[in-house]
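Notes to accompany the following structure.
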Amino acid sequence: MHPQRVSFILQDVSAKVILVSEELVSKVPDGCSATVVVVRWDDNSNNTTGHNEPFPGPARVPTPDDLAYVMYTSGSTGTPKGVGIPHSSATQALLAHDRHMPRFSRFLQFAAPTFDVSVFEIFFPLFRGNTLVSVNRGELLNDLPGVIREMDIDACELTPSVAGSLLRSRDKVPCLKLLLTIGEMLNEPVVREFGGKGPGKSMLWAMYGPTEATIHWLVKHVTLLVRMQL
1 MHPQRVSFIL
11 QDVSAKVILV
21 SEELVSKVPD
31 GCSATVVVVR
41 WDDNSNNTTG
51 HNEPFPGPAR
61 VPTPDDLAYV
71 MYTSGSTGTP
81 KGVGIPHSSA
91 TQALLAHDRH
101 MPRFSRFLQF
111 AAPTFDVSVF
121 EIFFPLFRGN
131 TLVSVNRGEL
141 LNDLPGVIRE
151 MDIDACELTP
161 SVAGSLLRSR
171 DKVPCLKLLL
181 TIGEMLNEPV
191 VREFGGKGPG
201 KSMLWAMYGP
211 TEATIHWLVK
221 HVTLLVRMQL
């Protein structure tokens, strides 16, 4: 992310605390007034309460109207636009997805955290008590089918172009049972390869929704027998 964009977002949300890895701590703008907490994964320096002691609860229990997160879009003017999502909307989104989405065991985290799809990828599997699989970005782009097979991933969300160019065919990912698509219009090759021809044959779902609507507001199971116009 461009340094000016980082500075703008931190100022726009009036950030009080920044969690950052050692690799990215240099990206924190000079003069930033927020408290910077560097997360180190190779030691226990982050655990101030100890392994066997419970972590303290929140200082204040949030209400449904309290802010859960802010996601930034490009904005119609080119200036980043912050979209605030309250706890009520985030919770209702998880409940609605749970009602409509098929069951899975291991979900791949693929989207960059700057996109709200990442919120769904992270919290929906955890909401269901399933496994979230996070993999180095380079490995995902170098051999996505191999990662899916090796990690026994059975669900993921990708753009149609990524599904077509990196997955290519369902034969390369025999463990994959659920493919959600987002961000682009579905194309015929992806529908033909992953859509199937009848009940129980399709792993393909079309997802759509602006950030303001809390990730997705449209979900549709896609088969070759269903003609969709999105």
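Just so it is clear: in the sequence shown, position 112 is 112 by full-length UniProt numbering, and no numbers are missing.
Glycine is no exception: its CB is placed at the ideal position from the N, C-alpha and C atoms.
query: Backbone secondary structure at residue 234 - three-state DSSP; result: Residue 234 lies beyond the residue range present for the chain, which begins at 1 and ends at 230; the question has no answer from this structure.
query: Span of the alpha helix (DSSP H) around F123; result: 117 to 128
query: Simplified DSSP assignment, three categories, for R106; result: strand
query: Outcome for P17 when other beta-carbon atoms lying within 10 angstroms are tallied against a minimum of 16; result: Here residue 17 turns out to be Val, not Pro, going by the sequence shown. Classification of V17: exposed, given that the 10 Å Cβ count is below 16.
query: Proximity below 8 Å, CB of V13 to CB of P29; result: no
query: Chain-order list of residues whose beta-carbon lies under 7 Å from that of P189 (same chain, five-residue window excluded); result: G164
query: Among E22, A93, S33, G183, nearest to V162 - alpha-carbon criterion; result: G183
query: Cα-Cα separation, V37 to L10; result: 15 Å
query: Backbone secondary structure at P86 - three-state DSSP; result: strand
query: Contact check, L166 vs V222, beta carbons under 8 Å; result: no
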